[in-house]
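For the numbering used here, add 2 to where a residue sits in the sequence shown, where the first one is 1.
Glycine included, C-beta positions come from ideal geometry on N, C-alpha and C.
Predicted, not measured: the structure shown is a model, and the values here were computed from it.
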Amino acid sequence: MAIECTPVAHASHLRQPAQASSSRLHACLAAARRSLAGIAVAGIAAATVATPASAREDHYFAIGYTVSLNGIPLGKGSFSGRVAGGAYRLKGDARLTGIAGMLFEYKATGEVDGRLGRANHSPRRFGSSASDERSSQVVSMSFSRGRVDQLSIRPTVRASKDYISVRSGHMTNVVDPMTAMIISAGSDGTLSPDDCNRTIPVFNGRERFDLVLRYKGMQNVSGNRRTTYVGPAVVCQALYRPIAGHRPGRGEIEYYANRKDMEVWLAPAGDTGLLVPVRMVVPTPIGTGIIQATAFAASYASVGHTAATR
């Protein structure tokens, strides 16, 4: 998986953008839209979260992201969540901006709610929508005991002959792509390699894939402390492993399945007990895509809330 600039966050259910006057612009916008969808409805993180201490209180985080390709701004997105009484609710959205936004329409939204668990999250209801100037798609899923028990995709996806079909077994013991964007913080609140080393089984309504995270190192995130996150982050290598719901040999699938240089940087989200992405690095055939947190707010037990890290 990966964020949607890679099949990791999967906007693969959308059609490619309309032909642009330049093939390079076409590829650039396609990469941007996949990156944006990664913010809105998929992601890079793990699905095992410990219930926060003060679970009966309301804890939250809200993050604003910018998306760039080779340093060129292409889009914006947001990801927010609330945790209370052992339950969680996540929301996300993304859109093209600037010249890309003037030339092409693209927007995506997603939302999920569920219960936190010591071993795994248990999503309950997930929904996403994405649209461009040519098409739109709406996905809704409900879960029961880690299994997808209801699924709706509009319009229906037509499978090609060489398509690996999604079967009932592929929809068992999985999480949705937004739940996959949050990971538990260590019991002592410090970052460690264990925050990365895991495999996340993801189903986005169309495709079943694993997101494999491996520890890569530690970094300090710099910036304006009043508006965004500043502090330590654990850097995870992100590997995309397609399982079903795709066409083997397809260029994009093969490209990202073989990439070893995708990254996700995880940082504490206030007092929620969760780690969330503050930076994602996604290589594309035409350059490097960066999804960077440029706005960050979260609740802290001692101060109620703050616009950034303490």
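Where residue i and residue j are concerned, what is the direct C-alpha to C-alpha distance, given to the nearest angstrom?
| i | j | result |
| --- | --- | --- |
| Ser224 | Pro279 | 15 Å |
| Pro287 | Gly73 | 15 Å |
| Ala300 | Asp151 | 33 Å |
| Pro75 | Thr68 | 7 Å |
| Leu105 | Glu256 | 29 Å |
| Ser137 | Arg249 | 21 Å |
| Gly219 | Val283 | 14 Å |
| Met264 | Leu241 | 7 Å |
| Cys198 | Val141 | 29 Å |
| Asp318 | Gly94 | As displayed, the chain neither begins before 3 nor continues past 312, which places residue 318 out of reach and without an answer. |
| Phe128 | Asn226 | 34 Å |
| Ile202 | Ile184 | 11 Å |
| Asp115 | Tyr165 | 31 Å |
| Tyr90 | Leu71 | 32 Å |
| Ser186 | Gly112 | 21 Å |
| Ile169 | Asn222 | What sits at residue 169 in the sequence shown is Arg, not Ile. C-alpha separation (whole angstroms): 43 Å. |
| Asn260 | Pro285 | 11 Å |
| Thr158 | Ser133 | 15 Å |
| Ile292 | Arg216 | 19 Å |
| Lys163 | Tyr258 | 22 Å |
| Gln139 | Arg252 | 21 Å |
| Gly289 | Ile245 | 26 Å |
| Phe63 | Gly119 | 19 Å |
By the 10 Å Cβ neighbour count, where 16 or more other Cβ atoms means buried, how is residue i classified, buried or exposed?
| i | result |
| --- | --- |
| Ile1 | Shown here, the chain extends from 3 to 312; a query on residue 1 therefore has no answer. |
| Lys78 | buried |
| Ala303 | exposed |
| Glu135 | exposed |
| Ala161 | exposed |
| Ser189 | exposed |
| Ala295 | buried |
| Ala47 | Because the pLDDT at Ala47 is just 32, under 50, the model does not fix this residue reliably, and the value given afterwards should be weighed accordingly. Counting Cβ neighbours within 10 Å, Ala47 comes out buried, since at least 16 surround it. |
| Pro195 | exposed |
| Arg2 | For residue 2 there is no data in the structure shown, the boundaries of the chain being 3 and 312. |
| Ser167 | exposed |
| Gly247 | buried |
| Ala42 | Since pLDDT at Ala42 reaches only 38, below the 50 mark, its modelled position is unreliable, and the value read off the structure follows with that caveat. Counting Cβ neighbours within 10 Å, Ala42 comes out buried, since at least 16 surround it. |
| Ser130 | buried |
| Gly171 | exposed |
For residue i versus residue j, is the C-beta spacing smaller than 9 Å?
| i | j | result |
| --- | --- | --- |
| His61 | Thr274 | yes |
| Gly88 | Arg117 | yes |
| Thr229 | Ala297 | yes |
| Val266 | Arg243 | no |
| Val232 | Val204 | no |
| Val85 | Leu276 | yes |
Can you find the residues in the same chain that come closer than 8 Å, C-beta to C-beta, to residue i, ignoring five residues on each side of it along the sequence?
| i | result |
| --- | --- |
| Arg97 | Leu38, Gly77, Lys78, Gly79, Gly103, Tyr108, Lys109 and Ala110 |
| Thr99 | Pro75, Leu76, Gly77 and Lys78 |
| Met173 | Arg149, Val150, Leu153, Phe205 and Arg210 |
| Lys262 | Gln239 and Leu241 |
With a CB to CB cut of under 6 Å and the five nearest residues on each side skipped, what residues in its chain are close to residue i?
| i | result |
| --- | --- |
| Gly65 | Per the sequence shown, the amino acid found at residue 65 is Ile instead of Gly. These residues qualify, in order along the chain: Phe81, Ala295 and Phe298. |
| Ala269 | Tyr231, Ala235 and Val280 |
| Leu92 | Gly83, Val114 and Met180 |
Contact between the stretch 144-153 and the stretch 209-224: three or more CB pairs below 8 Å? no
Quick check: the stretch 153-165 against the stretch 230-242, are there 3 or more CB pairs under 8 Å? The stretch 153-165 vs the stretch 230-242: no contact.
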